[in-house]
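Enquirer: Here my numbering is used: the first residue of the sequence shown is 690, the next is one more, and so on.
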Amino acid sequence: MRRRTRRHAALLAAAAAALALVATATGCSWPREDHAPGMFCAQANTSVVERCVDASEGPGSAWSKAEEDGELPISMWARPPFSVSDAFVASEADLSAWFDNLDRAVAYVRDEEKHAESLRATLHGELLGLLLTYRRRQEEILQEEPVRAADNFTRAMTDKASAEEEPLAADKQAMAVVQAVFDEARSDAAPLVSRYAAVAARFADYRATEAAETAAYAALSADASRSGIDGLDGVEETVLAAAREASRAPGELEAEIMTLSAEIQALAVSFEEAIAPHREVLATHGAVVPELTSGALRSLGAMLGYAQRRVARSDVTATALLGGIALRRQALRVLQGDEGAREAMARSRSERASERFREGARARAVALSSAPPVSERLGLPLLAERYGELLALVQMRPLCEAAEASWREAGCAALRGKLDAAEAELRTGLPKMIAAGLAALREKGMAVAALDAAQARLDAGDVKGAAVAYDAAVRGAEGT
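(1) Hey, quick one: how far does the beta strand (DSSP E) through W766 stretch, first residue to last?
(2) Between the alpha carbons of A687 and E943, how many angstroms are there, rounded?
(3) Candidates L1082, G1012, L1130 and S1058: which alpha carbon is nearest G1068's?
(4) Over the uninterrupted alpha helix (DSSP H) stretch that includes V924, give me the two end residues.
(5) The alpha helix (DSSP H) with D783 in it runs from where to where?
(6) Which one of E945, V928 and A1042 has the shortest CA to CA distance from L1011?
(7) Identify the continuous beta strand (DSSP E) that holds V1152 and give its terminal residues.
(8) Is there at least one non-hydrogen atom of the ligand MG closer than 7 Å to the beta-carbon of G940?
(9) May I ask you to report which of helix, strand or coil DSSP gives R740?
(10) Leaving out five residues on either side along the sequence, give the residues of the same chain with a beta carbon under 7 Å from the beta carbon of A905.
(11) Can the beta-carbon of E1048 be found closer than 8 Å to that of L1079?
(12) Does DSSP classify Q732 as helix, strand or coil?
(13) What is the C-beta distance between M1122 and P1070, in whole angstroms, given that I count them as a contact (C-beta under 8 Å)?
(14) If you run the structure through DSSP and keep just helix, strand and coil, what is P726?
(15) Whose C-alpha, out of S753, E1040, A879 and D758, is nearest the C-alpha of F729?
(16) Could you tell me which residues DSSP pairs with S1070 in its beta bridges?
(17) Going along the chain, which residues of its own chain have a beta-carbon closer than 8 Å to the beta-carbon of R1051, five neighbours each way excluded?
(18) Buried or exposed, going by whether 16 or more other CB atoms sit within 10 Å of the CB of T948?
(19) Out of F1046, S1043 and A886, which has the shortest C-alpha to C-alpha gap to S988?
(20) On the DSSP letters alone, give me the boundaries of the alpha helix (DSSP H) that R1146 sits inside.
(21) Which term fits R999, buried or exposed, when burial requires 16 or more other beta carbons within 10 angstroms of its beta carbon?
(22) Determine the extent of the alpha helix (DSSP H) in which K1121 is found, giving its start and end residues.
(23) Classify G814 as helix, strand or coil using the three-state DSSP reduction.
(24) For T822, does the count of other Cβ atoms within 10 angstroms reach 16, so buried, or fall short, so exposed?
(25) Nearest by alpha-carbon distance to A897: which of K1153, A996, D1109 and F788 is it?
(26) Under 8 Å, do N790 and A810 count as touching if we go by C-beta distance?
(27) Looking only at its chain, what residues have a beta carbon closer than 7 Å to the beta carbon of A1042, apart from the 5 residues adjacent to it on each side?
(28) Can you name, in chain order, every residue of its own chain whose Cβ lies under 8 Å from the Cβ of E760, other than the five neighbours on each side?
(29) How big is the Cα-Cα spacing for L784 and G818?
(30) Can you give the Cα-Cα distance for A1171 and S1059, rounded to whole angstroms?
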């Protein structure tokens, strides 16, 4: 009877040791300076060899040997110094020492190597098998002894496995959230990628026309040099038409570039806000946050800069040609005699040209008198087209102020009262309207990136770019 009582006491002590494992999960019960007896073992995923070292060498030694044998993941476990025996499963000290080594093996994989798949392999591999083996042996013993230690031992084992799996589950859940952020960013970027490709192709086509544009100006210069006084008007009109076309041709491309840039910047801001809470998780896994937009934005900026510089060169060339034509006309008139027939022909041509010029001038004056169009939902003015109308009108000033503008006089008379107003609106009125529209959009919670892009262009004096970016922001706010 006394012998049976002592056996009960030993099993209860073992169960108490198992429960003590849960209470000391964050630290080891065995003193670190006196390592628990036993062995640490590890096995690589692609190896069939177990690498075991004495517990005094630490789990890192077993890991290093297994790592030389094959590839990750690596499964680790702690082997007790005794075989499965009644004395071992009933010994509080032996179980405590073994549990300490188990904690050290799992903690090494989780905290030192920080490899999630190896942690999974460790928790579901040989370590789990050993726990199950000793639990079955204790159950067999306890079936012979009517005590409740088996329940405590089972609960300790279950709690230990749950405690070790919680970090893994949380880690995998966090990575799943990160993957969802990446997937959403790729989905949002897909239409922008196709639009960027279309813009790049359109820009390549535009750039390929530069040589032809230069050759056309050279040909017009040659025509002006050969033309008599009667032909200079036609050459002059052709130069003006070429200059307007050189300014108009990249207009749509510039607008598309600025609109796409604003949308890409908005995507970058959205992605940064979504990924910011997960940067620590990515750093833990050594993952680098991909840069989604900077390359495309630099490329679009280079395209826009080229188009603007080319238009500026075209304006300078056209202005120089018009000045040369004016000088040639004066020289020819000095050389030309007053012949009645030629004067009549010149007068007829001048009248026809004057009528065409007057009709165009009237149309521009009417357009200036009208208010700019407004957006459907917010009622904000759309100003990019207004900028083009004002610029075209201001560009007419040199023609109407030239000494030899008699045949344009009918049209210039309708424009002179509008030129100062158009220039003032272009320089001050339009920027103020853009600034007021941007302020209204900010109050309505419009995306900051698009508004900041428009404001930056306005601050830099690029009224055209600011107007295009502002219009894009208004349409974006309305979903159109």
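Built from N, CA and C at the ideal position, the CB exists for glycine as well.
Expert: From the atom records:
(1) I763 to R768
(2) As displayed, the chain neither begins before 690 nor continues past 1169, which places residue 687 out of reach and without an answer.
(3) L1130
(4) I918 to R937
(5) E781 to A796
(6) V928
(7) First-last for V1152: V1152 to E1167, but that is the alpha helix (DSSP H), not the beta strand (DSSP E).
(8) As presented, the structure is devoid of all ligands, the ligand MG included, so that no description of it is given.
(9) strand
(10) A931
(11) no
(12) strand
(13) 6 Å
(14) coil
(15) S753
(16) At residue 1070 the sequence reads Pro, which differs from the Ser that was named. In the DSSP output, where bridge partners are listed per residue, P1070 has V1063.
(17) G1100 and A1103
(18) buried
(19) A886
(20) V1137 to D1148
(21) buried
(22) L1119 to E1132
(23) coil
(24) exposed
(25) A996
(26) no
(27) D922 and W1096
(28) A733, N734 and T735
(29) 16 Å
(30) With the chain running from 690 to 1169 in the structure shown, residue 1171 is simply not present.
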